[in-house]
Amino acid sequence: MRRRIACTLALTGLALAAAPAASAAETWQQASRQTYYLVDALQRSQGIATDGTTWYFSWKLGLSRVTLDSRTVLASNPLAIPAQLSALGANHIGDIDYYNGKIYAPIEDGSDYQHPYIALYDASTLTYTGTSYALPLSVQPDGAPWVAVDAARGYVYSSAYNPTPALNVYSLADLHLVKTVPLSTTIGSIQGAKIYEGDLYASSNNDAKSIYRIDPDTGQVTDVFDRASSLPSGSETEGLAFLPTSDGAQMHALDAVSGRLATYLYNYKRTTS
């Protein structure tokens, strides 16, 4: 949960000026839903990633690795934020990603948002590797809400939270800022994102609970579909992951309800592309 005052008026004005392009060709349909309660809900309430054989979840302070049927916790790090970042006020882990045996975790110091970081963890044990990278405040002015690894291009992506005018592109080798890619229209409240088939898919906690597709090279934004009508009242959009599963789904979107008494993993299959 990201507790901040949204720049609603500014974002609304920008949206009127240039709305994301509608997607006529690409459609997604809900295939199934998992529900997590109590401790599981709390510990699966921020981000989600996969190595193809297990799920990785993040919550405000910790990380867990879970079997794909969600029944068995294989590893857990309930206090995953490194001490040196905690000393800077770090108190929130966002939407994570997996690459090459490591978990990439965005960490921020809400509500000051002066120390955005990406920290690396061993994916098997979820222990901190000792490596973390400070992100520039000039492009991450309100924290580090999410991270997505693009191994094919050799990049790591993140963005400002709200509004989101650009994609911030970092080197996969050492996380230095390579460039920013302005988006074709400013979006916002981005809680999670992942690369899928060369494009970046992003989940927004806006009123519509939009899923966007972003071309990482050009910044072209497409509003793929909106999820608000199918979610329980009070839901907050969280992380996003992609994995072909037995129910035919490829996209998996995490949502939490107020109080974290339950979280939901919605599984969507693409019906046209």
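In mature numbering (1 follows the signal peptide of the UniProt record, and there is no 0), the protein residues as written are -24 to -1, 1 to 249.
Even glycine gets a Cβ: it sits at the ideal position worked out from N, Cα and C.
- In the displayed model, L61 falls within a helix according to three-state DSSP.
- Cβ neighbours of Y244 within its own chain (closer than 8 Å, five residues either side excluded): W4, Q5, Q6, A7, A225, Q226, M227, H228 and A229.
- DSSP, read as helix, strand or coil, puts L176 in strand.
- Taking C-alpha positions only, P117 is separated from N181 by approximately 18 Å.
- If the five residues before and after A66 are omitted, its C-beta is found closer than 6 Å to the C-beta atoms of I57, I83 and D85, all from its own chain and listed in chain order.
- In this chain, the alpha helix (DSSP H) harbouring A17 covers L14 to L18.
- Cβ atoms of L143 and P192 come within 8 Å of each other, at about 6 Å.
- In this model, D231 and A149 are separated by some 31 Å (Cα to Cα).
- Around the beta carbon of E173, fewer than 16 other beta carbons lie within 10 angstroms, which makes this residue exposed.
- With fewer than 16 other CB atoms across the displayed protein chains lying within 10 angstroms of its CB, R47 is exposed.
- Between V125 and S134, the C-beta spacing is not below 7 Å.
- In the assembly as shown, S114 is an exposed residue. Its beta-carbon has fewer than 16 other beta-carbons within 10 Å.
- Excluding five sequence positions before and after L237, the CB atoms of its chain that fall closer than 8 Å to its own CB belong to Y13, L14 and A17, given in chain order.
- Inter-segment contact for the stretch 93 to 111 and the stretch 67 to 83 is present: three or more beta-carbon pairs are separated by less than 8 Å.
- Annotation: the stretch 105 to 130 contains the following complete segments of the beta strand (DSSP E) (minimum length 3 residues), in chain order: 124 to 126.
- Counting of Cβ neighbours within 10 angstroms places S40 among the buried residues, the total reaching 16 or more.
- Annotation: T107 to S34 spans about 18 Å, alpha carbon to alpha carbon.
- Segment contact: the stretch 207 to 219 against the stretch 156 to 174, three or more CB-CB distances shorter than 8 Å; contact assigned.
- In this structure Q90 is exposed. Its beta-carbon is surrounded by fewer than 16 other beta-carbon atoms within 10 angstroms.
- Excluding its 5 nearest sequence neighbours in each direction, T26 has C-beta neighbours in its own chain below 6 Å: A217 and L219, listed in chain order.
- No residue range can be given for N76, since it is assigned to no beta strand (DSSP E) and is classified by DSSP as neither H nor E.
- Inter-residue distance for L55 and G38 is about 5 Å (C-alpha atoms, whole angstroms).
- Of T239, G195 and S222, the smallest CA-CA separation from T29 is found for S222.
- Between S234 and T213, the C-beta spacing is not below 7 Å.
- Shown here for R9: same chain residues with a beta carbon closer than 8 Å to its own, the five before and five after excluded, namely Y240, L241, Y242 and N243 in chain order.
- As computed with DSSP, P158 is found in a beta bridge with A142.
- The Cβ neighbour count for K185, taken over all protein chains shown within 10 Å, is at least 16; the residue is labelled buried.
- Inclusion of Y146 and V157 in the CB contact set at 7 Å is not warranted, their separation being larger than that value.
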